[in-house]
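Protein chains in written order, with the working numbering: chain A, 1 to 248; chain B, 1001 to 1260. All C-beta atoms in this analysis are idealised placements derived from N, C-alpha and C, irrespective of residue type, glycine included.
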């Protein structure tokens, strides 16, 4: 279980998170929605320890993320970054097997390559992609390689940062389906941030709406359309009028 | 405008400079401390060694070759004013190994390597590859900074050594073809005049310059701003800082090694 309690974070005078409270039960898929610049990525990076919150606590399975063995903590996580964040200098298979080629999860090179090719197959990519470099792939293929890397070490928790941004609707559908399948199949806890309402409906068990640095609404995806929350209603229907200012 | 405004502006610049010196010092100390703590990424170190050392050889070689030749011509012309043309081999040799080999080698590596490291790491930062490294349980300083800094610290002295030889060779070629020196005499004067510490001091300077170059490339890359402009600024700052620090370190080391 991931729990954020009264998390605050400011960058200079810009108070991005103003007391975020959120619980993500183990084995469920939580999607955080909200406008651009509302702090969704910052919240996610706070959980991973990439950004240090100014105050508040974040626990994963009851353990404070700022304490304990950092390597063991990070070994629980897989993450798909918005732009893929693949390492340009490494071929695709070494990107996917990065964690398996070094550190505590290190495996023999041949075994790591086999696992990488299996994970590439799992996300719908042929083995011949393995020896290509990221720059040789399309945006959709890079996202799938990023997804393969996120699941390569079979993590307990997977984060998806804008998984369908920049993709065409068909490729977005493919990625959404893959994410859902993988999360269900692995029984992993998932946290996704997105603007894409199609993704929300495809991926989420639960939804949280982040606005103005706080969670405005959270609940099961099935209740999202009847929430009665004016912020959520405006966001999911894409209206210009409502409590969320269109010009920010 | 308030009369104290210019002073306040100068004060802000001084404080910013002091803060930068502090940040670089902490970064350098952290880099060195990682040398003593596993894991060590050998493959990245070897890759950096090839990129920084082997691939810089042509540019360092060409620079020192032409500089050695020009130096011979200048010393000959200057020496002729008081009938001291015979000092050309000795002064070319000592000038190359003590000063020009290390400084020019360091500057050429700064131009080639500091810019490349800063641009690469800066791009990795803005495309979230550094964050990705962290989530993959890999410390960016161990994986990116330490291998490059160590490789440069070891490779630049070798480049300087090769540059010294090529530079002296440049002076030799000009000496025997343009200035009518006897080849054997030129070589004998060169070898007889040089002392071991002349060469060793240059190599120590090379190690210091290599450390500075890679450290500046990594530091500015890791602290790069967003977007193409941020990476461009980081690249420029890395080269400028590395070049200025090379001159400063050169003076301090020369003072240390050779002041009476």
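- Look at the segment 78-92 of chain A: the residues with a C-beta under 9 Å from a C-beta of chain B are 78, 79, 81, 82, 83, 84, 85, 86, 87, 88, 89.
- Listed by position along chain A, the residues whose Cβ is nearer than 8 Å to that of residue 1134(B) are 48, 49, 50, 74.
- Proximity of residue 103(A) to chain B, defined by a Cβ-Cβ separation below 9 Å, is satisfied.
- Residue 122(A) and residue 1211(B) have their C-alpha atoms spaced approximately 44 Å apart.
- At least one C-beta of chain A is nearer than 9 Å to the C-beta of residue 1041(B).
- Secondary-structure assignment with DSSP links residue 18(A) through a beta bridge to 8(A).
- Unbroken alpha helix (DSSP H) stretches of 4 residues or longer found wholly inside the segment 63-132 of chain A: 70-74, 92-96, 109-122, given in chain order.
- A check of alpha carbon separations from residue 89(A) across 1102(B), 1075(B), 1129(B), 1104(B) identifies 1129(B) as the nearest.
- For residue 214(A), no alpha helix (DSSP H) encloses it; the enclosing beta strand (DSSP E) starts and ends at 214-220.
- With the criterion set as a beta carbon lying under 9 Å from some beta carbon of chain B, the segment 180-195 of chain A has no members that meet it.
- Note on residue 99(A): 16 or more other CB atoms within 10 angstroms of its CB, so buried under the neighbour-count rule.
- By the neighbour-count criterion, in which a residue is buried when 16 or more other Cβ atoms sit within 10 angstroms of its Cβ, residue 111(A) is exposed.
- Inside the segment 1135-1209 of chain B, DSSP marks no whole beta strand (DSSP E) run of 3 or more residues.
- Nearest to residue 1197(B) by alpha-carbon distance, out of 1094(B), 1186(B), 1005(B), 1033(B), is 1094(B).
- For the options 220(A), 222(A), 208(A), the alpha carbon positioned closest to that of residue 235(A) is the one of 208(A).
- Distance from the Cα of residue 5(A) is smallest, within the candidate group 221(A), 175(A), 30(A), 43(A), for 43(A).
- For residue 71(A), the number of other beta carbons within 10 angstroms of its own is below 16, and it is reported as exposed.
- Going by C-alpha positions, residue 181(A) is about 14 Å away from residue 200(A).
- Assignment of residue 210(A) by DSSP, reduced to helix, strand and coil, places it in the strand class.
- Taking a Cβ-Cβ cut-off of 9 Å, the neighbours of residue 71(A) in chain B comprise 1137, given in sequence order.
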